[in-house]
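*Asks:* The structure follows.
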Amino acid sequence: MVNNSTGYLYQIKRFDYEITTIQCGLGKRGGFLNISAEDGPHKISKSLSVTYVDVDDTPPVFVNSGCTSTCFTCPISAINANVNYADQGTVVTDPPSIKALDPDTDPTNITYNMEVYPVKYTDNIQFDNGTFVLLQSFANFSDAEESDFTVTVTMQAFENNGNGTRESETLHVTINVKVKDGRSPATSDFPVIAVAVTCAGVLVIILVVVLVFFLKRSKPQNIKKYRVSTKRKENETDDGVTNTEKMEKNAVIDSVDTAPEKRFVDETKENSYYLEKDTEIAYSKMICNLENVSSSRYCRDW
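Quick note, the numbering used here runs 18 ahead of the 1-based positions in the sequence shown.
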């Protein structure tokens, strides 16, 4: 409005840069004012250029990644997605990918913050270039759910407005996880079956070993003891000359019934004595023969 007395131009209504007529291109580059003055037959006019200066007073807005502005149907406030229990990789959403734009500034410098509930899945979900990605399937968690459940992702977009404060916008993403459809033997039942079979096999082996041990302990054993007797025999050569005695062991093995412990110990000692003595005699004869000292008194005694 122009004051007729002073000629000053006044703004009587506040302009909002975010209204559709300005933000969406109809008046984004500004406009013109035509001012005219007349005093009867005389008239003069003047055109003034008006430029809108935006104030950063609006938080970022989440939009489809294909949008270049926040106009019309681009803004979104919530996303739903359905996944199976064993799914891994990109989460299919509608729209497929998102981003945040600031209606006030161009270009925008926006940072994102993401919170996941239940908290144990925080490190499993990643926001990558506008899409949500499952780094591993929900079935891989040790305390995995047994029925359908929901994972909620809260996205926030922050933009520094230049005066030390940060404006933010929130987007809620709901991921519905289907356990029944996603659960498969390869991802859930198979490990349980494998562990059960392994445990059963180990148990059977232990039982067999224990059974064999007790059977051997309880089976009566017939202990047989053997007595070894030796017999000396003297041989002569063809010319009638007596050679050194040769030891010929004739093992006579007599099966002896199980006897009291004392008798068995005595017989064992006796047999050991004879065996040692006979071994000593045989060794001495071998030495005499090898050294050809049969004429010595020691060797003649044999």
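By construction, the Cβ of each residue, glycine as well, lies at the ideal position given by its N, Cα and C atoms.
A quick note: this is a predicted structure, and the numbers were derived from the prediction, not measured.
So what does DSSP say about A55, is it helix, strand or coil?
*Replies:* If DSSP states are grouped into helix, strand and coil, A55 belongs with the strands.
*Asks:* Enumerate in chain order the residues of its own chain whose CB-to-CB distance from F50 is below 8 Å, with the five nearest sequence positions on each side excluded.
*Replies:* Closer than 8 Å at the Cβ level, and outside the excluded window around F50, lie S65, L66, S67, V68.
*Asks:* Looking at the structure shown, is I30 part of a helix, part of a strand, or coil, going by DSSP?
*Replies:* If DSSP states are grouped into helix, strand and coil, I30 belongs with coil.
*Asks:* Which residues bound the beta strand (DSSP E) around V110?
*Replies:* Looking at the DSSP string, V110 is not in any beta strand (DSSP E), and its letter there is neither H nor E.
*Asks:* State whether the region 215-233 contacts the region 113-132, with contact taken as three or more CB pairs (one from each stretch) at a distance under 8 Å.
*Replies:* No, because fewer than three Cβ pairs between the region 215-233 and the region 113-132 fall closer than 8 Å, the two stretches do not touch.
*Asks:* Where does D75 sit, in a helix, a strand or coil, going by DSSP?
*Replies:* Three-state result, D75: coil.
*Asks:* Taking C-alpha atoms, which residue in S87, L27, A96, F156 lies nearest to N52?
*Replies:* When each option's Cα is compared against that of N52, the closest is L27.
*Asks:* Starting from the N-terminal side, write out each stretch of the beta strand (DSSP E) that is 3 residues or longer and does not extend beyond the region 114-198.
*Replies:* Counting only runs of 3 or more, we get 116-119, 128-135, 143-146, 149-152, 167-178, 184-196.
*Asks:* Under 8 Å, with one C-beta from each stretch per pair, do the region 84-104 and the region 155-165 reach the 3-pair mark?
*Replies:* Contact holds: three or more Cβ-Cβ distances are below 8 Å.
*Asks:* Taking a contact to mean a Cβ-Cβ separation below 8 Å, would you say Y130 touches A99 in this structure?
*Replies:* No, they are not a contact pair.
*Asks:* If the criterion is Cβ atoms closer than 8 Å, does the pair V134 and V169 meet it?
*Replies:* For V134 and V169, yes; Cβs fall inside 8 Å.
*Asks:* Just the C-alpha distance for L189 and K198, rounded to the nearest angstrom, thanks.
*Replies:* Answer to the nearest angstrom: the Cα atoms are 28 Å apart.
*Asks:* Over the uninterrupted beta strand (DSSP E) stretch that includes I97, give me the two end residues.
*Replies:* Segment 96-102, the beta strand (DSSP E) holding I97.
*Asks:* Could you check the C-alpha separation between V226 and S160 for me, to the nearest Å?
*Replies:* Their backbone Cα atoms lie some 34 Å apart in a straight line.
*Asks:* Short check: CB of F351 to CB of V195, under 8 Å?
*Replies:* The chain is shown from 19 up to 320; residue 351 falls before or after that span and cannot be answered.
*Asks:* Work out the CA separation of A55 and S63 for me, nearest whole Å.
*Replies:* Each residue's alpha carbon lies about 6 Å from the other.
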